[in-house]
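Asker: Residue numbers 1 to 319, in UniProt numbering, belong to the letters of the sequence shown in order.
Don't be surprised by glycine CBs; every beta carbon is placed ideally from N, CA and C.
Please find one structure pasted underneath; my questions will follow.
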Amino acid sequence: MTMRVGWAGQERSGALLAGGAVVLVGGSVAASSLVGDYPVLGGQGVRYLLAGLLLAAWSRLRGEPLIRPTGREWGWLGALAAVGLAGCSVLMIQATRVADPGSVGVVIGAAPLVIVLAGALVRRRRPATRLLVAAAVVAAGAAAAQSGSGAGSFSLLGFALSLGALAGAVGTTVLAAPVLPRLGPMTVTVYSCVLAGGLLLVLAVQDGLATGATVLRMPTLVEFGALAYLAVMVTGVVCIAWFGAMQRLGSERTGLFNGLIPVASLAAVLLVGAGQVGAWQLIGALAVLVGVVLGLRRGPVVTATASGPTIAGAVPVGR
């Protein structure tokens with residue numbers, strides 16, 4: 001027997017989780033700027049390792065043991081850690097150092113469209129027209145919001161780094177999808193964060209030995225606060241919320257919310273008084289909102305079993 005789960009159930013909680021994750025990521029712009037002078041590889045390594053260990057301790061205190069991944073799942077988790085977490089964060093920081101942040105946002109704003117296409121390619125099927133149109137609207141709106149913020153000059157190196165960060169943003173969703181149904185958000189987050197942190201610290205040590213660069217140093221009070229916020233809120237909480245949304249909405253429809261990240265960043269800039277919001281930003285924000293609503297309109301079809309309704313985390317629901 002099949003039944004349709006309404007917006008008040010799985011979709012509402014999924015949208016709230018994805019929206020909350022986007023707000024935290026968008027608000028991380030100010031925190032990231034505070035650690036601009038801190039060693040990138042070492043700092044980001046500590047960030048992810050701290051997030052993973054804190055979440056593992058929290059899971060243990062709650063009496064919810066982590067699920068042990070299988071050999072194949074370790075491969076997906078390793079790819080998620082390297083591409084979606086470590087690669088994305090490092091390339092994003094490097095891109096904003098050599099290119100205008102607004103220009104970087106234009107490239108990242110294409111993530112929803114790429115996720116829809118990638119999901120279809122992985123399953124060897126044609127993407128749903130509604131999702132494809134919604135992703136295009138979200139990407140266009142995010143680009144408009146950022147181009148109106150002064151995204152003018154753009155270096156070739158900055159563009160290449162931005163494409164790498166885009167690949168990482170897409171990888172966070174695409175690479176987590178195969179392991180989420182069995183492992184769940186907490187296990188996926190803990191293991192991927194620990195793997196990402198370990199990888200970055202190893203790279204930091206190798207870079208230090210090769211070039212003499214500083215691996216880690218004692219952070220200032222401001223840097224410590226920013227790193228702690230990035231580790232706990234922007235890494236731990238965001239990953240759990242995002243992966244939880246994927247279980248409820250599917251990977252492609254959750255990916256639409258990526259388009260809200262540049263808009264949330266603009267709102268954060270406005271709140272701290274670091275800039276102004278003009279007509280293009282408002283138009284872009286409206287377009288993103290329309291695209292997300294369009295992509296989420298159709299409810300998922302869930303198969304009722306003896307143990308209750310189940311939703312496939314790797315397959316976009318409601319198609």
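Near Val315, which residues of its chain fall below 7 Å by C-beta distance, leaving aside the five closest residues on each side in sequence?
Answerer: Here residue 315 is taken as the residue at index 315 of the sequence shown, counted from 1. Annotation note: pLDDT 28 at Val315 (below 50); position unreliable, coordinate value reported separately. So the list reads Gly250, once near-sequence residues are dropped.
Asker: If we call anything under 8 Å between Cβ atoms a contact, is Thr211 one with Leu66?
Answerer: In the sequence shown, residue 211 corresponds to position 211, counting from 1. In the sequence shown, residue 66 corresponds to position 66, counting from 1. The answer is no: Cβ separation not under 8 Å.
Asker: Identify, in the order they occur along the chain, each residue of the same chain with its Cβ nearer than 7 Å to the Cβ of Leu34, setting aside the five sequence neighbours on each side.
Answerer: For this step, residue 34 is matched to residue 34 along the sequence shown. Contacts found: Val222, Glu223 and Ala226.
Asker: What residue range does the alpha helix (DSSP H) around Met246 cover?
Answerer: Translated into the one-based positions of the sequence shown, residue 246 becomes position 246. Element bounds for Met246: Val238 to Leu249.
Asker: Could you tell me if Val288 is buried or exposed, where buried requires 16 or more neighbouring beta carbons within 10 angstroms of its beta carbon?
Answerer: Translated into positions along the sequence shown, residue 288 becomes position 288. Under this definition Val288 is a buried residue.
Asker: Which class does Asp37 belong to by DSSP, given the choice of helix, strand or coil?
Answerer: Position 37 of the sequence shown, counting from 1, holds the residue named residue 37. Looking at Asp37 - three-state DSSP - the assignment turns out to be coil, as it is neither helix nor strand.
Asker: Look at the alpha carbon of Val170 and the alpha carbon of Leu49, and state the distance between them as a whole number of angstroms.
Answerer: Residue mapping note: residue 170 aligns to position 170 of the sequence shown, counting from 1. Residue mapping note: residue 49 aligns to position 49 of the sequence shown, counting from 1. Taking the straight line joining both Cα atoms gives about 22 Å.
Asker: Could you give the first and the last residue of the continuous alpha helix (DSSP H) run that contains Met233?
Answerer: Here residue 233 corresponds to residue number 233 of the sequence shown, with the count starting at 1. Neither: Met233 is in no alpha helix (DSSP H) and is coded neither H nor E.
Asker: Are Phe243 and Gly19 touching if we call contact CB-CB under 8 Å?
Answerer: Here residue 243 refers to the residue found at position 243 when the sequence shown is read from its first residue. Here residue 19 refers to the residue found at position 19 when the sequence shown is read from its first residue. Taking 8 Å as the Cβ cut-off, Phe243 and Gly19 do not qualify as a contacting pair.
Asker: In whole angstroms, what is the alpha-carbon distance linking Trp74 and Pro181?
Answerer: Residue numbering aside, residue 74 sits at position 74 when the sequence shown is read from its first letter. Residue numbering aside, residue 181 sits at position 181 when the sequence shown is read from its first letter. Distance between the alpha carbons of Trp74 and Pro181 is about 14 Å.
Asker: Where does Met218 fall in DSSP's three states?
Answerer: For the purposes of this step, residue 218 is taken as the residue at position 218 of the sequence shown. Coil at Met218, not helix or strand.
Asker: Confirm, please, whether the CB-CB distance from Gly164 to Gly87 is below 8 Å.
Answerer: Counting from 1 along the sequence shown, the entry for residue 87 is found at position 87. Counting from 1 along the sequence shown, the entry for residue 164 is found at position 164. The answer is yes: Cβ separation under 8 Å.
Asker: Quick check on Gly284: buried or exposed, where buried means 16 or more other Cβ atoms within 10 Å of its Cβ?
Answerer: Here residue 284 is taken as the residue at index 284 of the sequence shown, counted from 1. By the 10 Å Cβ count, Gly284 comes out buried.
Asker: Below 8 Å on the Cβ atoms is my contact criterion, and I expect Ile261 with Val22 to pass it. Report the Cβ-Cβ distance as a whole number of Å.
Answerer: Working through the sequence shown from its first residue, we reach residue 261 at position 261. Working through the sequence shown from its first residue, we reach residue 22 at position 22. Indeed they touch by this definition, with Cβ atoms about 6 Å apart.
Asker: Are the CB atoms of Arg47 and Leu230 within a distance shorter than 8 Å?
Answerer: Position 230 of the sequence shown, counted from the first residue, corresponds to residue 230. Position 47 of the sequence shown, counted from the first residue, corresponds to residue 47. Against a cut-off of 8 Å, the Cβ pair of Arg47 and Leu230 comes out as a contact.
Asker: Would you mind reading off the limits of the alpha helix (DSSP H) that contains Gly26?
Answerer: Translated into positions along the sequence shown, residue 26 becomes position 26. It spans Arg12 to Gly26 - the alpha helix (DSSP H) in which Gly26 sits, taken as one unbroken run.
Asker: Near Leu117, which residues of its chain fall below 7 Å by C-beta distance, leaving aside the five closest residues on each side in sequence?
Answerer: By one-based count along the sequence shown, residue 117 stands at place 117. The residues are Pro127.
Asker: Check whether the Cβ atoms of Ala13 and Arg253 sit closer than 8 Å, and answer yes or no.
Answerer: The residue labelled residue 13 in the question sits at position 13 within the sequence shown. The residue labelled residue 253 in the question sits at position 253 within the sequence shown. Note on residue identity: the sequence assigns Ser, not Ala, to residue 13. Contact: no.
Asker: For Glu11, count neighbouring C-beta atoms within 10 Å of its own C-beta (all shown protein chains included) and say buried if the count is 16 or more, exposed if not.
Answerer: Along the sequence shown, one-based indexing puts residue 11 at 11. Counting Cβ neighbours within 10 Å, Glu11 comes out buried, since at least 16 surround it.
Asker: Looking only at C-alpha atoms, which of Leu113, Gly71, Ser59 and Ser162 sits nearest to Leu131?
Answerer: Taking the sequence shown and counting its residues from 1, the one referred to as residue 131 is at position 131. The shortest Cα separation from Leu131 among Leu113, Gly71, Ser59 and Ser162 belongs to Leu113.
Asker: Please report the straight-line C-alpha distance between Pro219 and Gln94, rounded to a whole angstrom.
Answerer: What you label residue 219 is simply residue 219 of the sequence shown in a count that begins at 1. What you label residue 94 is simply residue 94 of the sequence shown in a count that begins at 1. Those two C-alpha atoms are separated by around 20 Å.
Asker: Anyone know if the C-beta pair for Met233 and Leu55 falls short of 8 Å?
Answerer: Reading the sequence shown from its first residue, position 233 is the one you call residue 233. Reading the sequence shown from its first residue, position 55 is the one you call residue 55. Going by C-beta atoms, Met233 is not nearer than 8 Å to Leu55.
Asker: With a 10 Å radius around its C-beta and 16 neighbouring C-beta atoms as the bar for buried, classify Leu17 as buried or exposed.
Answerer: Stepping through the sequence shown from its first residue, residue 17 is reached at position 17. Buried.
Asker: Using a Cβ-Cβ cut-off of 7 Å (strictly less than) and excluding sequence neighbours within five positions of Val237, which residues of its own chain qualify?
Answerer: Position 237 of the sequence shown holds residue 237. If we look at Val237 and ignore the five residues flanking it on each side, its Cβ neighbours are Leu24.
Asker: Ordered along the chain, which non-local residues of its own chain (more than five positions away) have a Cβ less than 7 Å from that of Thr235?
Answerer: Along the sequence shown, read from residue 1 onward, the residue named residue 235 stands at position 235. Correct list, in chain order: Arg47, Tyr48, Ala51 and Cys193.
Asker: Here's a check: name, in chain order, each residue in its chain whose Cβ is nearer than 7 Å to the Cβ of Leu199, leaving out the five neighbours to either side.
Answerer: Counting from 1 along the sequence shown, the entry for residue 199 is found at position 199. Counting only Cβ-Cβ distances below 7 Å, and skipping sequence neighbours, we find Ala81, Ala82 and Ala86.
Asker: Taking all protein chains shown into account, do 16 or more other C-beta atoms lie within 10 angstroms of the C-beta of Gly291, making it buried, or fewer, making it exposed?
Answerer: Working through the sequence shown from its first residue, we reach residue 291 at position 291. It counts as buried.
Asker: Could you tell me the alpha carbon to alpha carbon distance between Asp207 and Ala79, rounded to whole angstroms?
Answerer: Residue numbering aside, residue 207 sits at position 207 when the sequence shown is read from its first letter. Residue numbering aside, residue 79 sits at position 79 when the sequence shown is read from its first letter. Looking at the two C-alpha atoms, the distance is approximately 21 Å.
Asker: Given a threshold of 16 other Cβ atoms within 10 Å of its Cβ, counted over all protein chains shown, does Ala293 qualify as buried or as exposed?
Answerer: Against the sequence shown, residue 293 aligns to sequence position 293. As written in the sequence, residue 293 is Val, which differs from the Ala given in the question. It counts as exposed.
Asker: Select from Thr172, Leu203, Gly259 and Val205 the residue whose C-alpha is nearest the C-alpha of Ile108.
Answerer: Position 108 of the sequence shown, counted from the first residue, corresponds to residue 108. Cα-wise, what sits closest to Ile108 is Gly259.
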